[in-house]
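Written out below as structure tokens is the structure these notes cover.
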Amino acid sequence: MRHLLAFALLWTPFFNAYAISQDEVMAHAVEFTELMWNSSDANMTADCSTIYTSLYLEIYGVGGPHKGMAYDWGGWDTVPGFLDKIASGYGAGTHSSDGILSCTTGQDCSGFVSRCWETSKKFATATLAEITDPLSSVAELKAGDALNKAGSHVVLFDSMGIGGKPLFYESAGGNVRKAWYNGSSSWNYLEGYIPVRYKFITDETVIIPGSLEEPIVVDAFPYSDDRNTMDYGASQMNVYSCAPDTGEWGPEVIYQLEFPVAGAMTATVDCGPGIDIDLHLLSSLDENACIDRAHEVLGPINVEAGTYFLSADSWSATSGVSYPGPYALNIDFAPGEVIPEEPPSASCDGWCDDVAPAGCGCGPDCMEAGDCCLDACELCGACEETVVELEEEPEEEEPEEEEPANPPAEDELPWVIDSADEDSGVPQGLGNNLVSPTPGMTALAPVESEDEGCRTHQGALPVGILVLLCGFILLGRRERRETS
-16 MRHLLAFALL
-6 WTPFFNAYAI
4 SQDEVMAHAV
14 EFTELMWNSS
24 DANMTADCST
34 IYTSLYLEIY
44 GVGGPHKGMA
54 YDWGGWDTVP
64 GFLDKIASGY
74 GAGTHSSDGI
84 LSCTTGQDCS
94 GFVSRCWETS
104 KKFATATLAE
114 ITDPLSSVAE
124 LKAGDALNKA
134 GSHVVLFDSM
144 GIGGKPLFYE
154 SAGGNVRKAW
164 YNGSSSWNYL
174 EGYIPVRYKF
184 ITDETVIIPG
194 SLEEPIVVDA
204 FPYSDDRNTM
214 DYGASQMNVY
224 SCAPDTGEWG
234 PEVIYQLEFP
244 VAGAMTATVD
254 CGPGIDIDLH
264 LLSSLDENAC
274 IDRAHEVLGP
284 INVEAGTYFL
294 SADSWSATSG
304 VSYPGPYALN
314 IDFAPGEVIP
324 EEPPSASCDG
334 WCDDVAPAGC
344 GCGPDCMEAG
354 DCCLDACELC
364 GACEETVVEL
374 EEEPEEEEPE
384 EEEPANPPAE
394 DELPWVIDSA
404 DEDSGVPQGL
414 GNNLVSPTPG
424 MTALAPVESE
434 DEGCRTHQGA
444 LPVGILVLLC
454 GFILLGRRER
464 RETS
């Protein structure tokens, strides 16, 4: 018994030193992938190598703001360490062909996962088995687990998307060269990967005010709040019923609004460059109970006495890249005030109450007001004659919500990941401390379609086309000889 007790005493500190919740793991993933930083000309070169040039900055350009920590072969820097080194003129990331350099900064794939799990040292893809347990299938994956291919690459699992598509975080080489949220790849990208779970991850939920489990109660107006959606880890609300084609895959903050009487509420949100927070008013704590949403100004909206919920959610581009960050929220409420609803257009007999606000119809007066009547007509098939007449003199359509200012190349998809560039094979925390040039593969070009595989690229012209071209050339020569 004494021996068992001694073993337990020795084991307990070790476990406590490594134990981490799923929410904490995912918060780290967001911290690394959504990191905003700026570079200078000094970060293009490195003092410890005369041949080094930052491939990251060659792709994205010097300046910024950049999004996501740079990929650094053998690296596993923290956010403060990375920013300090960038400010000190360290090189922004490395390629495998650069070797492991002491004068560059960033994370490679296993360094990224090691930091997310808060391990005491850097584990390589070949040594992650020491601290993980394999899962029987991908169906067992939970947020904070990993998919590992020893000697190649590792990614941090987030969730299953539409149709069972994998959504995950990774620090990728190739043409990506940074930590990012990959919402575009299929399971083909992860062929041969083993689903694993960190031995010391817990299911314990860290509940913080503003989470789905503990909304921030607002019962006095006007109300103001300054927060950062990056503090809220993985997203729990992704697609809202009031805008089913708009992705909100970044983390959100939830507010519980208590209205003592009927009235009109208005909410506004303000955020800086590279950040995009949208507002969604919900009748219950469910993304399918969305009343209305807005990019910056929500309302005024008529509400009854009772409880409503407001979600400040991080918008996502079609590429899957989200834009969380700090924001300023203001909510106002006018008790007893009722905003009159516009009656349906007299020029239209049909309309869609669940699509067009206030049940407006499809007449010219509605369209001039800038509402979504045209969409209602297209979906319901109403007012076809009116729509045809208006198409003769089309008005300029309101542009889709644009991605915040960021180097456009950073979000171009799909990417091709160079598997030979993913894992340095340095397990013992030696990243950024050695100068050891190692041969590596060059990055491939982006593919045109994800269905062609994540590591394929465009080849030469098909043989059939070449044969056809040769035939045209020979025919032309024969005609010239006959005419001469």
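According to the numbering used here, the stretch in the sequence shown is residues -16 to 467, in order.
A virtual CB, placed ideally from N, CA and C, is assigned to each residue, including glycine.
- Going by DSSP, Val62 is part of the alpha helix (DSSP H) stretching over 62 to 70.
- Contact fails between the stretch 198 to 216 and the stretch 269 to 280, because fewer than three Cβ pairs, one in each stretch, are under 8 Å apart.
- Distance from Gly76 to Ala53 at the Cβ level is roughly 3 Å; contact confirmed, criterion being Cβ atoms closer than 8 Å.
- Per DSSP, the unbroken alpha helix (DSSP H) holding Thr16 starts and ends at 5 to 16.
- Cβ-Cβ separation between Ser79 and Trp56: approximately 5 Å, consistent with a contact (criterion under 8 Å).
- Counting only the Cα atoms, Gly44 lies some 30 Å from Leu173.
- Comparing C-alpha distances from Val8 to each of Thr87, Ile83, Ser97 shows the shortest one belongs to Ser97.
- When DSSP assignments are scanned along the stretch 157 to 183, the uninterrupted stretches of beta strand (DSSP E) that are 3 or more residues long and fall wholly within it turn out to be 161 to 165, 177 to 181.
- By alpha-carbon distance to Glu235, the top candidate from Gly157, Met213, Ile34 is Met213.
- Residue pairing by DSSP puts Tyr310 in a beta bridge opposite Arg210, Cys254.
- Assigned with DSSP and collapsed to three states, Tyr54 falls in strand.
- For Val13, the closest of Ser135, Thr61, Glu41, Val200 by C-alpha to C-alpha distance is Thr61.
- The C-beta distance from Ser224 to Asn271 rounds to 5 Å, short enough to fall under 8 Å.
- If you draw a 10 Å sphere on the C-beta of Ala155, you find 16 or more other C-beta atoms in it, and that means buried.
- In the three-state scheme derived from DSSP, where H, G and I count as helix and E and B as strand, Glu153 is classed as strand.
- In the displayed model, Ser294 falls within a strand according to three-state DSSP.
- Around the CB of Met220, 16 or more other CB atoms lie within 10 Å, so the residue is classed as buried.
- Put simply, the backbone Cα of Ala126 is about 44 Å away from that of Glu320.
- For Asp186, the number of other beta carbons within 10 angstroms of its own is below 16, and it is reported as exposed.
- Nearest in C-alpha terms to Asn165, of all of Asn171, Gly175, Ile177, Leu150, is Leu150.
- Per DSSP, the continuous beta strand (DSSP E) segment holding Gly282 begins and ends at 280 to 286.
- Bounds of the alpha helix (DSSP H) holding Ser93 are 92 to 99.
- Listed in chain order, the non-local C-beta contacts of Val179 below 8 Å within the same chain comprise Leu111, Ala112, Thr115, Asp116, Pro117, Leu118, Asp128, Ala129, Leu130, Asn131, local neighbours out to five positions each way being set aside.
- With three or more CB-CB distances shorter than 8 Å, the stretch 252 to 263 counts as touching the stretch 304 to 319.
- In this structure, DSSP gives Asn26 a helical state, which the three-state scheme calls helix.
- Taking a 10 Å sphere around the C-beta of Trp298, we find 16 or more other C-beta atoms and assign the residue as buried.
- Of the residues Gly146, Glu153, Ser142, the one whose Cα lies closest to the Cα of Gly94 is Glu153.
- Per DSSP, reduced to three states, the secondary structure at Asn21 is coil, with no helix or strand assignment.
- Here the C-alpha atom of Tyr181 lies approximately 23 Å from the C-alpha atom of Lys161.
- Sequence-distant partners of Asn211 (beyond 5 residues in either direction) whose C-beta falls short of 7 Å from its own C-beta, in its chain, are Gly308, Pro309.
- Excluding five sequence positions before and after Asn26, the CB atoms of its chain that fall closer than 8 Å to its own CB belong to Ser37, Leu40, Val45, Ile69, Gly72, Tyr73, Gly74, Ala75, given in chain order.
- Between the C-alpha atoms of Pro63 and Asp141 there is a straight-line separation of about 24 Å.
- Membership of Tyr238 in the beta strand (DSSP E) is indicated by the continuous run 235 to 242.
- Cβ atoms of Asp91 and Gly47 stay farther apart than 8 Å, at about 21 Å.
- Between Ser23 and His49, the C-beta spacing is not below 8 Å.
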